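Enquirer: So the sequence shown is numbered by the working numbering: it starts at 4 and just counts up by one.
The structure under discussion is supplied below as structure tokens; questions concerning it will follow.
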Amino acid sequence: METAARKKLLILITKSNFGGAQRYVFDLARSLKGRYDVTVALGGDGMLKAKLEEAGIRVVSIPYLAKSVNPLKDALVFFWLWKTLKRDRPDIVHVNSSKIGGAGAFVARMIGIDKVVFTAHAWAFNEDRSAIAKGLIAFLHWLTVMLSHKTIAVSGAVKRQISHLPFMDSKIEVVHLGLEPVEAFSRKDARKLLEIKEKEFAIGTIAELHPIKGLNYALESLSTAPFDFSYTIIGEGDARKSLEKTIAAAPKLAGRVRLAGFLPDAPKLLPAFDIFLLPSLSEAFGYVLLEAGHARLPVIASSVGGIPEIIEDMKSGILIHPKNPKEIERAIAHLYEDEVTRDNLAFTLMNKVKKEFSLQKMVEGTVAVYETAK
């Protein structure tokens with residue numbers, strides 16, 4: 004008796020660095036390669052491509068694909084999509100990120116692909132742009148959702164931002180992100196690697212150095228803190244110079260705050276910290292909060308986007324208003340003084356993450372969308 008051929012799944016994403024959307028693609032492709040004939044097509048030659056190849060997943064580079072707009076290169080990407088989808092005829096095309104999402108969904112529908120699924124990791128109209136640009140981007144997002152048979156929102160907050168538009172609500176399903184726990188370093192080894200002293204009260208953040216992450220408000224809050232601490236920020240980005248100036252200008256911060264840069268094993272280093280801080284101004288979901296939960300850390304995070312779907316104030320963490328240094332300082336001071344509360348919040352978050360945000364739950368939710376998309 005012949006075994007039925009596995010369905011072809013083509014996953015598209017614009018960039019090949021290793022941010023949240025790329026991690027999602029990697030975890031999904033790796034988890035589904037036994038069920039589907041998986042191919043990932045992407046732009047660039049970054050960390051995502053290397054990790055996929057190492058995991059034995061077929062990877063194809065899309066020539067000329069980049070986030071920036073270039074009419075000639077974008078036309079060549081469109082032609083590549085048309086030629087590739089026409090030749091390979093995947094059963095499912097799963098698009099991620101705004102640019103390749105729109106182009107991929109359009110081409111797939113024109114060719115007649117059976118199932119087109121779009122994952123909305125965030126909406127680009129949330130970025131700092133003119134009102135006209137935001138309106139145009141919102142229309143393009145709406146069009147991508149309309150062209151897709153189904154859209155996955157990574158949080159209820161992401162769905163709510165666009166579900167009020169015509170025909171949107173029934174086309175969007177919420178499938179929360181999920182992950183497996185990593186085998187982390189011991190507290191002692193993690194502190195040694197990050198150069199944190201054994202007795203220090205250590206605050207940690209893993210985030211891109213970008214204004215949207217609200218790190219300047221964290222630094223402002225700590226610049227007048229009445230307690231001793233160390234603060235380590237793991238990540239890289241365009242805001243580094245600005246943050247370095249802020250640190251150098253504040254006597255309380257100099258010598259206590261370290262910009263550690265991008266570290267590929269960042270989640271394994273979380274046991275080094277006593278508190279995890281995420282003062283973002285906008286956050287579609289927050290993969291890193293799941294990592295902090297697995298590391299059994301108490302979390303202080305902004306009550307924006309999908310964060311309250313993970314953190315329940317004073318039960319599984321502390322929620323603060325964005326752009327509010329005084330609230331950040333009070334929350335840190337409270338946890339600094341109260342070890343019992345730290346332990347209770349961390350334990351509750353750990354259990355919640357394991358129960359509600361597992362990789363298996365994310366994968367099964369995604370497969371359910373694949374099967375019902377029409």
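Glycine included, every Cβ here is placed at the ideal spot set by N, Cα and C.
Being a predicted model, the structure only gives us computed values, none of them experimental.
#1: In the DSSP assignment, the beta strand (DSSP E) including I236 goes from what residue to what residue?
#2: Can you find at least 3 beta carbon pairs, one from the region 270-285 and one from the region 205-224, that sit closer than 8 Å?
#3: Please classify V365: is it buried, with 16 or more other beta-carbons within 10 angstroms of its beta-carbon, or exposed?
#4: For K54, which residues from the same chain have a beta carbon less than 8 Å from its beta carbon, with the 5 sequence-adjacent residues on both sides left out?
#5: Under the three-state reduction of DSSP, which class applies to I215: helix, strand or coil?
#6: Do G47 and S71 have their C-beta atoms within less than 9 Å of each other?
#7: Kindly list the residues whose CB is nearer than 7 Å to the CB of S166, restricted to its own chain and excluding five residues on each side of it in sequence; keep chain order.
#8: For the beta strand (DSSP E) containing T147, name the first residue and the last one.
#9: Are the beta-carbon atoms belonging to N99 and A24 less than 9 Å from one another?
#10: Hey, P270 and E294 are a contact pair by Cβ (cut 8 Å); roughly how many whole angstroms apart?
#11: Under the assumption that H297 contacts V356 (Cβ atoms under 8 Å), give the Cβ distance between them as a whole number of angstroms.
#12: Is the region 336-350 touching the region 286-293 in the sense that three or more CB pairs, one from each, lie closer than 8 Å?
#13: Once DSSP output is grouped into helix, strand and coil, what is the label at S303?
#14: For A156, write down the residues that DSSP places opposite it in a beta bridge.
#15: Hey, which unbroken runs of the alpha helix (DSSP H) at 4 residues or more fall wholly within the region 291-353?
#16: Could you round the C-beta distance between V302 and S283 to whole angstroms and report it? I think they count as a contact, below 8 Å.
#17: Leaving aside the five residues before and after R26 along the sequence, list all residues of the same chain whose C-beta is less than 7 Å from its C-beta, in chain order.
#18: Taking only three categories from DSSP, how would you classify K52?
#19: Please report how far the alpha carbon of W83 lies from the alpha carbon of S19, in whole angstroms.
#20: I'd like to know whether the C-beta atoms of A123 and A156 end up nearer to each other than 9 Å.
#21: If we count the other Cβ atoms within 10 Å of its Cβ and call it buried at 16 or more, is V120 buried or exposed?
#22: Taking only three categories from DSSP, how would you classify F199?
#23: In this structure, what does DSSP give as the bridge partners for K255?
Expert: Judging by the given coordinates:
#1: S233 to I237
#2: yes
#3: This sequence places Met at residue 365; Val is not what is there. Classification for M365: buried.
#4: F21 and F29
#5: For I215, the secondary structure class from DSSP, reduced to helix, strand or coil, is helix.
#6: No, Cβ-Cβ distance for G47 and S71 is not below 9 Å.
#7: D172 and I175
#8: Premise fails: T147 lies in the alpha helix (DSSP H), A134 to L150, not in any beta strand (DSSP E).
#9: Going by C-beta atoms, N99 is nearer than 9 Å to A24.
#10: 4 Å between Cβ atoms; contact.
#11: 6 Å
#12: The region 286-293 vs the region 336-350: no contact.
#13: For the sequence presented, residue 303 should be read as Ile rather than Ser. Correct three-state label for I303: strand.
#14: DSSP, once it has assigned bridges, lists A123 and V177 as partnering A156.
#15: 328-340
#16: In this structure V302 is not in contact with S283, their Cβ atoms being roughly 12 Å apart against a cut-off of 8 Å.
#17: Y290
#18: helix
#19: 18 Å
#20: yes
#21: buried
#22: Residue identity check: residue 199 is Ile in the sequence provided, not Phe. I199 falls in the coil class under three-state DSSP.
#23: DSSP lists no partner for K255.
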